[in-house]
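Enquirer: Here it is, the structure in full.
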Amino acid sequence: MTVQDCLQMFRQLRDVTFATVSKTGRPEARIIDIMLADGDGLYFCTARGKDFYEQLLRTGEAAVVGLTKDWQMLRLNGTVTKLDDQKYWIDRIFEENPSMNGVYPGDARYILEPFAIKYGEIECFDLGTTPIHRESFSLGGGDVTEKGYLITDGCIGCGTCADLCPQRAIDEGAPYSIRQENCLHCGLCFENCPVSAIVNREEC
Ligand code: SF4
Ligand code: SF4
67 MTVQDCLQMF RQLRDVTFAT VSKTGRPEAR IIDIMLADGD GLYFCTARGK DFYEQLLRTG
127 EAAVVGLTKD WQMLRLNGTV TKLDDQKYWI DRIFEENPSM NGVYPGDARY ILEPFAIKYG
187 EIECFDLGTT PIHRESFSLG GGDVTEKGYL ITDGCIGCGT CADLCPQRAI DEGAPYSIRQ
247 ENCLHCGLCF ENCPVSAIVN REEC
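The working numbering numbers the first residue of the sequence shown as 67 and each following residue consecutively.
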C-alpha cells in the first residue's frame, strides 16, 4: 500500500469524520465529504458561516478518520490549507460531485471555500485481518509518529508478554521483540512485564 492508495481510499469512502478544536478548546467532529483526491492530497470545502470554517482557519489542522466496509480504518492528521482560486476549485468540486447542486443551487455555491490537506501523516489500520495490520505513511513530507511499545535490553526472556499478547505480535529472542505492524497498542505487555523492560515508543 502507498500514500496514494490511502488518498484514493479516502475519496472512495467520501463521507468521513473531521475533528477540529473549538474556540473554547473542546473537540468537535462532523461528517465531511472528500470532494477530490489526487497524488498530493485531499480536497474538501465548507461554508464561511460555519464554526468548522473558523476552526480550520484558526488552527490550520484537522484529524480525519473513516472506516471501509472491510474494516480498514484510515486516519489522517494533517495541516489544512485554504486554496486561493475559490471559483476554480468550487466549480471543479461541483463538476465532480454533482449532488452538491441540490444542497447549494446556483451561485449559492460561492459561500463555500475550498481547502486541501497535503501535509501530515496517514495510518491505515486493518482490523479485517488476523493478526491486525497497521501501516503509517508520510503525506507531503510530514513526520510519522512512532507509537506503541518497544522491548529493551532489560528483557529477561520470561515470555509473559508473548503469552498475553492478544494478537500474538511478540516474537521470542534476546530481547523479545514486537512486530509493530501487528500491534494493537493495547499496552497489555507493558503493564505486565515483571522487569519493566517494555517502554512506550513516544517516550523513548
Ligand atoms: S515480559 Fe518483559 S522480560 Fe518477559 S519476555 Fe516480555 S519483555 Fe522480556
Ligand atoms: S501492546 Fe498489546 S498488541 Fe501490542 S505487543 Fe503489547 S500486548 Fe501485543
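The beta carbon of each residue, even a glycine, is placed where N, CA and C say it ideally should be.
From the DSSP output, in three-state form, read off Met101 for me.
Expert: DSSP places Met101 in coil when its eight states are reduced to three.
Enquirer: In terms of residue numbering, what span does the beta strand (DSSP E) encompassing Thr226 cover?
Expert: That residue, Thr226, is in no beta strand (DSSP E); its alpha helix (DSSP H) goes 226 to 230.
Enquirer: Would the C-beta of His199 count as close to ligand 2, meaning under 7 Å from any of its heavy atoms?
Expert: His199: no, Cβ never under 7 Å from ligand 2.
Enquirer: From the DSSP output, in three-state form, read off Val265 for me.
Expert: In the structure shown, Val265 sits in a strand (DSSP, three-state: E or B).
Enquirer: Count the CB pairs spanning the stretch 230 to 237 and the stretch 207 to 215 that are closer than 8 Å, and state whether there are at least three.
Expert: With the cut-off at 8 Å, the stretch 230 to 237 and the stretch 207 to 215 do not touch.
Enquirer: Taking only runs that begin and end inside the stretch 146 to 179, name each unbroken beta strand (DSSP E) of 3 or more residues, in chain order.
Expert: For the stretch 146 to 179, not a single whole beta strand (DSSP E) run of length 3 or above is found.
Enquirer: Using a threshold of 8 Å, state whether the C-beta atoms of Ile156 and Gly107 are closer than that.
Expert: Going by C-beta atoms, Ile156 is not nearer than 8 Å to Gly107.
Enquirer: May I have all residues whose beta carbon comes closer than 7 Å to any heavy atom of ligand 1, sorted in chain order?
Expert: Cβ atoms closer than 7 Å to ligand 1 belong to Ile217, Cys221, Ile222, Gly223, Cys224, Gly225, Thr226, Cys227, Ala228, Ile236, Pro241, Tyr242, Cys255, Asn258, Cys259, Pro260, Val261, Ala263, Ile264.
Enquirer: Note down the Cα distance separating Glu162 from Arg96, rounded to an integer number of angstroms.
Expert: C-alpha separation (whole angstroms): 22 Å.
Enquirer: Nearer than 7 Å: is that true of the beta carbon of Pro164 relative to any heavy atom of ligand 2?
Expert: No, since every heavy atom of ligand 2 falls outside the 7 Å radius drawn around the Cβ of Pro164.
Enquirer: Does at least one heavy atom of ligand 2 sit under 7 Å from the Cβ of Ile98?
Expert: Because no heavy atom of ligand 2 lies under 7 Å away, the Cβ of Ile98 does not count as near it: no.
Enquirer: Gln74 to Ala103, Cα distance in whole Å?
Expert: Looking at the two C-alpha atoms, the distance is approximately 6 Å.
Enquirer: Using a Cβ-Cβ cut-off of 6 Å (strictly less than) and excluding sequence neighbours within five positions of Gly132, which residues of its own chain qualify?
Expert: Leu79, Val82, Leu140.
Enquirer: Which two residues bound the contiguous alpha helix (DSSP H) that contains Tyr119?
Expert: Run containing Tyr119: 117 to 125, per the alpha helix (DSSP H) assignment.
Enquirer: For Ile177, I'd like the list of residues in its chain whose CB is within less than 8 Å of its CB, leaving aside the five on either flank, ordered along the chain.
Expert: Ala113, Arg114, Gly115, Tyr170, listed in sequence order.
Enquirer: Cα separation between Thr125 and Tyr119?
Expert: Going from the Cα of Thr125 to the Cα of Tyr119 covers about 10 Å.
Enquirer: If you reduce the DSSP assignment to three classes, tell me which class Gln70 lands in.
Expert: Residue state, collapsed to three classes: helix.
Enquirer: Tell me whether Tyr109 is buried or exposed, calling it buried when 16 or more other Cβ atoms sit within 10 Å of its Cβ.
Expert: By the neighbour-count rule (16 or more Cβ atoms within 10 Å), Tyr109 is buried.
Enquirer: How many angstroms separate the CA atom of Gly172 from the CA atom of Glu201?
Expert: Their backbone Cα atoms lie some 43 Å apart in a straight line.
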